[in-house]
Structure formats: C-alpha cells, structure tokens
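In what follows, a single structure is set out as structure tokens and then discussed.
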C-alpha cells in the first residue's frame with residue numbers, strides 16, 4: 001500500500017495537502033491498523049495528496065495527560081510540534097478522536113497551530129467537494145447504530161459528520177437510548193484503556209454494548225480505535241459475534257466502495 | 001407603643017440581613033482561597049450562558065419532568081418575592097398592602113391573583129419533589145453520599161416552601177378587607193370559608209400571625225442558604241457566568257510545566273545554572289491539587305453552587321457500573337473540606353493552621369479518581385455548568401507528578417510513551433509497518 005511519508009515528500013520538494021496523523025493505536029493495534037488502511041484506501045480513491053510522519057510520529061501524549069502526567073504530555077507535545085512545524089504542516093486528519101482533540105485543542109497554546117479534522121469530517125468534505133462518492137447499494141438495508149466517541153462528541157461537539165456519512169451508506173441508522181451528548185463512554189478514555197477497571201459490578205464496555213444491542217443492529221459503527229476495541233470486546237463478552245460486527249466508519253465506506 | 005411592631009420588624013430585618021451579609025463575606029473569603037484563573041474574557045458569551053442556563057434554565061429541561069417542576073418552583077419563588085417587597089414596606093412603615101393604593105385595584109388584584117395561583121403550583125410541585133425524594137426509588141436520591149444531612153437538607157427546603165406558601169394563602173384568606181374587596185383572591189377565597197365562624201379580632205390575629213411568620217420565615221430561609229445546597233439559587237448565576245467556555249476536551253496546559261519542559265528541551269540551557277536572583281527563596285509551585293487551596297476559585301465556586309441533584313452521578317459511566325466514583329460526591333467533598341478550612345481560619349484569627357488533613361485521602365480516595373474515564377458526561381449533565389472533571393484531573397496530576405502514585409499499569413504505559421513514543425511496548429521504527437501488512 002502506498003503510504004508516502006513527509007520525509008519522502010520533502011525530499012521531492014513537495015508539500016502534501018494534508019498530514020494523516022495515524023496515532024499509536026492506528027500504527028500498532030492489529031484491529032486499529034485495519035482502520036488506518038481503510039482510510040488510506042479512501043484517500044487514494046479520492047486522489048488526496050497526503051503523507052504520514054511514519055517513524056517520526058510519536059504519541060500525542062493524550063493518555064499521559066489524562067493519567068495526570070502533564071510533564072510527559074508536554075514533552076511529547078513539544079517534540080511533535082517541532083516535527084510538525086519543521087514540515088510546515090497546516091492541515092491534519094486523524095482517525096483517532098483522542099489525537100484529534102489533543103492536536104486541535106491542546107497543542108495551540110504550546111506553539112502547534114493546525115487545522116485538524118476527524119476522518120469523518122474530512123471524508124464529508126471530500127464528498128461535498130465532489131471528490132468522493134459513496135456506493136449506497138452494498139450495505140443497503142443493514143441496521144447500523146453509531147456509538148459516539150466522547151472525545152469527538154461531548155468533548156468537541158462533533159455529532160453530525162459521522163451520522164451524515166452513515167446515512168450515505170444507504171443503511172438504516174438507529175440511535176441508542178444514550179446518544180450524542182448523552183452517549184455513554186466505551187470505558188477506554190482517560191487512560192483507562194491501559195489499566196484494569198476499578199472494582200465495580202460491571203465493565204463499562206459491557207453496559208455500552210448492551211445499549212447498542214437494544215437497537216438490534218447488524219453493525220455497530222464507531223469512529224475511534226479505542227471505542228472499536230471496547231465494543232468488539234463487549235460483543236465477544238455477550239457472545240454476539242455471529243450476529244453483530246463492529247466497524248469503523250472508514251471501514252464501512254471502504255467496504256461499500258469495494259476498496 | 002404604637003410603633004413597637006415597626007421597631008421589632010426593623011430590628012428583625014436588620015439582624016437577618018446583616019447575618020446574611022456576614023455569611024456572604026465568609027463565602028467570598030473561602031472562594032478566594034482558590035488559585036487565580038482568568039474568566040473575564042468573552043463577556044457577551046458569558047452573559048449569554050448566564051441568561052440561558054441560570055435564568056432561562058435551558059439545561060434543567062433536558063430532564064423534562066423534574067425540569068418542568070423546577071421551573072414552576074423557580075418562577076413562583078422569584079415572582080412571589082414582589083410580595084415580599086410589599087411586606088417589607090408595610091412592616092417598616094406600618095402600612096397595609098401599600099401597593100394596592102399605589103398601583104390601583106386592577107393591577108394589584110391581577111398581581112396577587114397570579115401570586116396565589118403560583119403559590120398553589122409551587123405547593124403541588126414541592127409535594128411531588130418530596131414524593132420523588134422520599135417515596136419513589138430514584139437512584140440518584142439514594143446514593144451513599146445522600147445519607148444524613150444532604151437528605152435532610154433537601155427535605156427541610158421542601159417543608160420550608162410548603163409552610164411559606166401555606167402562610168401566604170392563609171394570610172390572604174384571613175385578611176377580611178382583602179377578601180371583601182374581591183380582587184386577586186383567586187385561591188384564598190376558597191380558603192376563607194374555613195374561618196367563617198371567627199370574630200373580626202380572631203381573623204386579624206391569624207392574619208397578623210401568618211404575616212409575621214411568613215416574613216420571619218423568609219429571613220430565616222435567607223440565612224439557611226449558606227448552610228444548604230439551596231445556595232444554588234444565588235450562585236447559579238456567577239457559576240454559569242464564569243464557567244469554562246473552551247471545548248470540554250481541552251484540558252489546561254500547566255504553565256509551570258511548560259517552563260520546565262522548555263528548559264529541559266533547550267540545548268543551550270545550563271542544567272547547573274544557579275537560580276536567578278530572588279528565585280532561591282520562592283517555594284516551588286505544587287503540581288496538581290491535594291487540597292482545596294490548590295484548586296482554582298472557579299472550582300471552589302462550583303463546589304458551593306452544587307445543589308446535589310445527582311444528574312452528574314446518574315450519567316457517570318463509572319458510577320453506573322458500580323465503581324466508587326460519584327462526581328456529585330467530588331463536589332460535596334470539596335465544599336465540606338473548604339468549609340472545614342474556613343472554620344479553621346475563623347478559629348485561628350484569620351490564618352489557616354495545618355490540621356493534618358487534606359481533600360485527597362481524607363475526603364476523596366485515589367480509587368475514585370482513577371475510576372474516571374474523563375468522558376465529560378458529568379460536565380455535560382450539570383444544569384449549572386459545574387465541572388467535576390477538572391477537580392478529578394487536578395488531583396490525578398498531584399498523585400502522578402508529586403507522589404508518583406499512579407496505578408502500576410499506568411506507570412508502564414507512561415514509561416512506554418517516554419521510551420517508544422507509544423503507550424505500548426513497540427519499537428518506534430515499526431511505526432509504519434501497518435501500511436504493508438495486507
């Protein structure tokens with residue numbers, strides 16, 4: 001798969017239209033890597049001139065910050081900002097709402113000012129500009145429910161672009177009882193992904209999966225690699241793998257367009 | 001002798017108001033124990049927030065049933081207070097229903113008629129609130145932190161309002177001249193027949209008694225506020241005005257850390273340099289918060305504003321799955337500790353004397369703090385824009401940066417970020433492998 005790096009681009013004296021910030025999950029997590037690849041296929045189809053940082057990318061520091069380690073966060077932020085500013089990056093797109101939030105909101109006061117998009121926003125723009133079409137026949141008739149990622153939804157009030165894209169798939173979009181601003185967390189945010197949950201009577205991802213299953217979906221759509229993992233685990237816990245799949249919106253679009 | 005009631009009234013009023021002023025001073029003093037944070041920018045947006053959220057109750061109605069009842073009580077409470085103004089003037093100058101002569105029978109009758117209807121509506125709403133709190137099994141009223149004073153406080157407020165509304169209606173019903181005039185006695189005309197057999201003197205005594213208990217009750221209620229969750233009727237306004245306007249996901253970047261990190265990353269910095277003159281004596285700033293004085297004043301204002309409704313806790317994913325965390329408890333603990341610190345200062349002639357306690361551990365446990373997913377559901381839910389998450393984050397910062405007391409797995413995650421640039425233990429050189437794995 002052709003994934004150019006900023007270093008390659010610079011060597012050729014080129015400046016890409018947008019930087020794809022892959023994120024640690026998108027780079028290393030086996031499930032999330034599929035999302036990265038699906039998104040790249042969409043970028044290729046829409047002939048977007050993009051590049052990644054590749055080995056020059058590092059953790060945004062989101063998990064460290066939310067765990068309380070402001071030192072580590074700012075070290076990461078300043079290193080990343082140095083690299084990004086070195087390449088004169090203006091526009092960034094990412095499939096990870098945590099990177100999205102951090103780059104968009106927390107980097108500017110440390111000297112990193114960019115125009116940052118979540119991939120659903122970016123794809124929506126591509127459609128609006130006529131650069132991409134979504135085939136609405138492949139997934140026609142499927143029941144899809146969308147789980148709002150906290151760091152995209154409540155944290156940044158992006159509720160519509162994922163839904164607009166899902167509707168374009170020609171599917172039947174159903175809402176969970178807790179949705180948009182009242183959506184329930186998948187349980188992974190605030191660095192919870194990296195530790196066991198505190199003692200309780202249930203896991204948060206199981207409760208959220210129950211919310212989703214109440215809508216009797218064929219597909220649970222996600223827009224965050226961590227949500228994806230948590231919901232996938234929830235479906236396994238509920239032994240519903242045969243009936244329900246968890247897919248990122250980028251994967252659904254790639255599938256619809258036979259990419 | 002004929003001026004005795006007026007003198008007693010003036011004294012009661014002065015006493016009630018000065019006691020209230022004293023408590024407000026204490027309140028402001030305590031809030032100012034918090035650190036400085038600038039919330040004076042974007043004034044139009046702040047004003048709009050205050051008008052929409054505090055005055056317009058726009059977030060209350062997200063739960064329509066309790067939201068509607070709350071609006072009834074709120075509107076009733078505010079509007080009926082016009083009547084209190086008349087009572088104060090009457091009390092001070094020995095007049096009777098002074099507004100009647102001033103604004104004419106028509107308008108006066110209309111106003112009092114509206115007040116009477118509102119009084120009944122408030123009474124009914126308050127009964128429903130009482131039933132919700134005490135009879136129906138609504139989980140957020142039954143949480144651990146709602147035992148004892150918080151539960152009683154909620155009920156006392158409801159009893160107070162029932163009594164005040166009853167007194168207002170009975171006062172009108174036993175005011176013979178008002179009933180005869182037949183203006184504005186919309187509701188009280190149906191209560192008046194209860195007193196049919198009473199002598200004019202008897203009626204007058206009941207009317208005066210109701211009048212006195214009503215106004216004294218209001219003065220007591222005013223002074224009850226400081227000790228009660230009911231303080232929100234005043235503080236909801238500044239609280240929404242000074243609330244955070246940034247996106248909810250945007251956490252503060254600690255400036256003290258920025259300075260240090262810049263120094264660490266600056267290749268020209270001399271690590272052995274002597275501190276600049278004047279700096280030697282400065283106590284290094286504490287990272288994060290372990291006690292109330294480490295929080296900022298808006299967070300402390302938040303704590304005083306919290307009315308313990310529990311909407312935050314009932315939407316908290318950690319709480320919903322049985323974990324120790326309750327955002328409401330975070331706010332209640334912060335207020336309790338702040339009050340304790342305030343009493344300590346009062347007892348020690350204006351200075352805080354270390355009492356060996358702090359907000360962390362003595363009130364809020366690390367287990368609560370680590371259960372938070374930082375999802376912002378509590379912040380979103382709060383009808384008056386309280387931000388429990390910011391307190392949780394500041395306390396996590398203290399745990400991690402001052403005490404290195406993060407859970408072991410998080411320490412490993414942070415070590416990985418430090419060494420590999422990712423929360424997992426992968427080599428940074430493998431970061432682009434995903435592109436060629438299909």
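Protein chains in written order, with our numbering: chain A, 1 to 259; chain B, 1 to 438.
Every residue gets a Cβ at the ideal spot worked out from N, C-alpha and C, and that includes glycine.
Notebook entry, point to check: In or out: residue 3(B) buried (at least 16 other Cβ within 10 Å) or exposed?
Noted result: exposed
Next item on the list: May I ask you to verify whether the region 225-235 of chain B touches the region 294-312 of chain B, counting CB pairs closer than 8 Å and requiring at least 3?
Entry: yes
Notebook entry, point to check: Expressed to the nearest angstrom, what Euclidean distance is found between the alpha-carbon atoms of residue 16(B) and residue 7(B)?
Noted result: 14 Å
Note to self: For a contact defined as C-beta to C-beta under 7 Å, what are the partners of residue 367(B) on chain A?
What the structure shows: 198
Notebook entry, point to check: Using the rule of at least 16 other Cβ atoms within 10 Å of the residue's Cβ for burial, across every protein chain shown, is residue 194(B) buried or exposed?
Noted result: exposed
Notebook entry, point to check: Where are the alpha helix (DSSP H) runs, 4 residues long or more, that stay fully inside the region 192-246 of chain B, in chain order?
Noted result: 200-224, 232-241
Margin query: List, in chain order, every chain A residue whose beta-carbon is nearer than 9 Å to that of residue 315(B).
Written below: 178, 182, 184
Checklist line | Boundaries of the beta strand (DSSP E) in which residue 434(B) is found, first to last residue | finding: Per DSSP, residue 434(B) belongs to no beta strand (DSSP E) and is neither H nor E.
Notebook entry, point to check: At which residues does the beta strand (DSSP E) containing residue 373(B) begin and terminate?
Noted result: Element bounds for residue 373(B): n/a, residue is neither H nor E.
Next item on the list: Put residue 352(B) into one of helix, strand or coil per three-state DSSP.
Entry: coil
Check: Got a sec? Which residues, its chain only, sit under 6 Å from residue 290(B) by beta carbon, not counting five neighbours each side?
Finding: 358, 360, 398
Item checked: Neighbour list for residue 201(A) in chain B, Cβ cutoff strictly below 8 Å -> 321, 322
Next item on the list: For the region 130-140 of chain B and the region 98-108 of chain B, state whether three or more C-beta atom pairs, one from each stretch, are separated by less than 8 Å.
Entry: no
Notebook entry, point to check: For residue 393(B), which residues in chain A fall below 9 Å Cβ to Cβ?
Noted result: 65, 66, 68, 190
Next item on the list: Please list the segments of the alpha helix (DSSP H) lying wholly inside the region 95-134 of chain B, counting only runs of 4 or more residues, in order along the chain.
Entry: 98-103, 105-134
Next item on the list: Say yes only if the C-beta of residue 169(B) is nearer than 7 Å to one or more non-hydrogen atoms of the ligand FAD, and no if none qualify.
Entry: No copy of the ligand FAD occurs in the structure displayed, which carries no ligand at all.
Check: What does residue 224(A) touch in chain B if you count any residue whose Cβ is under 9 Å from its own?
Finding: By Cβ distance, chain B contributes nothing, its closest Cβ being about 12 Å from residue 224(A), past 9 Å.
Check: Using a Cβ cut-off of 9 Å, which residues of the region 51-75 of chain B contact any Cβ in chain A, in chain order?
Finding: 62
Next item on the list: Tell me, to the nearest whole angstrom, how far the beta carbon of residue 189(A) is from that of residue 120(A); I am working on the premise that it is less than 8 Å.
Entry: Not really, about 18 Å apart at Cβ, beyond 8 Å.
Notebook entry, point to check: Would residue 467(B) pass as a contact of residue 123(B) if the rule is Cβ separation under 8 Å?
Noted result: No answer is possible for residue 467(B): the residues shown for chain B start at 1 and end at 438.
Next item on the list: Less than 8 Å between the CB atoms is what I'm expecting for residue 187(A) and residue 373(B), so what's the real figure, rounded?
Entry: 6 Å
Item checked: Under 8 Å between C-beta atoms of residue 129(B) and residue 158(B) -> yes
Checklist line | Partners in chain B for residue 109(A), counting only beta-carbon separations shorter than 7 Å | finding: 253
Note to self: Could you tell me the alpha carbon to alpha carbon distance between residue 81(A) and residue 56(B), rounded to whole angstroms?
What the structure shows: 42 Å
Next item on the list: Give the residues of chain B in contact with residue 55(A), contact being defined as C-beta atoms less than 7 Å apart.
Entry: 428, 429, 431, 432
Notebook entry, point to check: Under the DSSP definition of a beta bridge, which residues are partnered with residue 219(A)?
Noted result: 144(A), 245(A)
Note to self: When you compare the CB of residue 330(B) with every CB in chain A, is at least one pair closer than 8 Å?
What the structure shows: no
Check: residue 81(B): which of 67(B), 206(B), 214(B) sits nearest, CA to CA?
Finding: 214(B)
Notebook entry, point to check: In the structure shown, what three-state DSSP assignment does residue 35(B) receive?
Noted result: strand
Next item on the list: Whole angstroms is fine: what's the gap from residue 186(B)'s alpha carbon to residue 106(A)'s?
Entry: 59 Å
Margin query: Please give the ranges of any alpha helix (DSSP H) in the region 75-119 of chain A, keeping only runs that are unbroken, at least 4 residues long and fully inside the region.
Written below: 97-101
Check: Among the residues of its own chain, which have a CB less than 7 Å from the CB of residue 203(B), if the five just before and after it don't count?
Finding: 174, 176, 195
Check: Do residue 144(A) and residue 172(A) have their CB atoms nearer than 8 Å?
Finding: yes
Checklist line | chain A contact residues for residue 376(B), given Cβ-Cβ distances below 7 Å | finding: 150, 154, 155
Notebook entry, point to check: Can you name the residues of chain A whose CB is closer than 9 Å to the CB of residue 364(B)?
Noted result: Near residue 364(B) there are no residues of chain A at all, since even the closest Cβ is about 14 Å away, more than 9 Å.
Notebook entry, point to check: What are the boundary residues of the beta strand (DSSP E) that residue 21(A) is part of?
Noted result: 18-21
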